DNA sequence: AAACATGGTTTCAAAAAGAAACCAGAAAAA
DNA sequence: TTTTTCTGGTTTCTTTTTGAAACCATGTTT
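Chains as they are written, first to last, in the numbering used here: chain A, 1 to 125; chain B, 126 to 250.
As structure tokens, then:
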């Protein structure tokens with residue numbers, strides 16, 4: 001371990017310098033996962049997204065959308081309406097990621113009881 | 126949306142007050158994912174883990190391990206050797222989560238080229 | 001004697017996140 | 001007509017989190 005990634009080495013998230021680590025850091029994010037899951041259903045506008053992703057601030061939503069767009073996971077379309085309409089949609093690449101992320105979201109929803117139980121036991125001891 | 130979770134409501138990560146949101150926030154973490162993946166192979170001691178999870182600080186490793194233990198995802202065993210040995214291992218519940226997380230880690234490793242390409246295109250424009 | 005091993009905690013600076021105000025411009029409500 | 005609402009953000013400021021480094025006790029190795 002601790003081996004920097006040079007051309008020819010294979011990718012390894014356990015190496016800090018590996019570009020896959022950067023990507024993991026970016027997708028291992030609560031807001032990114034929720035946004036991706038919402039856009040997987042259908043394209044949504046900025047403020048609509050803000051209302052549906054309960055608890056996200058405008059700043060963080062804006063930042064996260066920018067990063068997801070830069071990574072090619074979502075697309076941003078501007079329509080010259082009044083007022084201006086900005087629609088975000090998922091890309092084919094984003095859809096492949098969403099399949100993996102969906103498993104995490106459903107894990108949270110199906111195993112929540114067991115986790116809460118474990119927390120109660122830990123806190124009692 | 127924005128409806129607080131009351132008894133009888135079904136769980137929904139898109140609601141900020143839902144306990145599943147707390148769990149998602151906890152598992153949607155770079156370090157937690159890397160730790161879980163390493164422990165899925167075999168039990169590992171603290172300092173060994175610190176060396177293998179390249180880039181993690183002792184403080185964050187310690188904090189993350191505590192949270193994972195509290196959530197029932199990993200187990201902590203202390204042996205009265207000299208110096209003391211502390212071994213961390215994955216639990217059956219942790220293994221079910223690791224299956225989902227593994228998909229994310231491999232996504233990062235398989236789609237990294239496409240993501241880097243998208244970033245270059247975005248930065249050029 | 002000095003360095004290194006164990007598994008952490010503590011301290012402090014830097015980075016990130018969150019809350020709130022602000023922006024322009026038009027439409028709708030009062 | 002003045003106020004409020006809508007669009008999609010950015011800016012500022014505070015609070016939280018993170019990361020780097022030092023420190024801790026105990027014991028072995030060099």
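Even glycine gets a Cβ: it sits at the ideal position worked out from N, Cα and C.
Predicted model only: the values in this text are computed from it and were never measured.
Counting along the chain, the unbroken beta strand (DSSP E) around residue 88(A) starts and ends at 85 to 90.
Within chain B, no C-beta atom comes less than 7 angstroms from the C-beta of residue 36(A); the nearest is roughly 11 angstroms away. In the DSSP assignment, residue 160(B) falls within the alpha helix (DSSP H) that extends over 155 to 166.
Interface with chain B (9 angstroms Cβ-Cβ cutoff): residue 19(A) is included. With a threshold of 9 angstroms between beta carbons, residue 63(A) makes no contact with chain B. Residue 113(A) has its alpha-carbon roughly 31 angstroms from the corresponding atom of residue 182(B).
For residue 23(A), the enclosing alpha helix (DSSP H) begins and ends at 19 to 27. Annotation: the continuous beta strand (DSSP E) that includes residue 78(A) extends over 74 to 79. Secondary structure of residue 56(A) (DSSP, three-state): coil. Counting the other Cβ atoms within 10 Å of the Cβ of residue 233(B) gives 16 or more, which makes it buried. Under the three-state reduction of DSSP, residue 226(B) is assigned to helix. Cβ atoms of residue 16(A) and residue 179(B) come within 8 angstroms of each other, at about 4 angstroms. Around the C-beta of residue 196(B), 16 or more other C-beta atoms lie within 10 Å, and the residue is accordingly described as buried. Take residue 43(A), set aside five residues on each side of it, and the residues of its chain with a beta-carbon closer than 6 angstroms to its own are 87, 89, in chain order. Per DSSP, reduced to three states, the secondary structure at residue 44(A) is strand.
Put simply, the CB of residue 112(A) is near chain B, with a gap under 9 angstroms to one of its CB atoms. In terms of Cα proximity to residue 160(B), the closest of 147(B), 177(B), 221(B), 137(B) is 177(B). Not a single C-beta of chain B is nearer than 9 angstroms to the C-beta of residue 42(A). In the displayed model, residue 139(B) falls within coil according to three-state DSSP, outside both helix and strand. Here the C-alpha atom of residue 75(A) lies approximately 14 angstroms from the C-alpha atom of residue 32(A). Taking the CA atoms as reference points, residue 203(B) sits about 22 angstroms from residue 120(A). If you check the CB distance, residue 198(B) and residue 210(B) do not come in under 9 angstroms.
At a cut-off of 9 angstroms between beta-carbon atoms, residue 45(A) makes no contact with chain B. For residue 125(A), the three-state secondary structure derived from DSSP is coil.
In the three-state DSSP reduction, residue 115(A) falls in the helix class (H, G or I).
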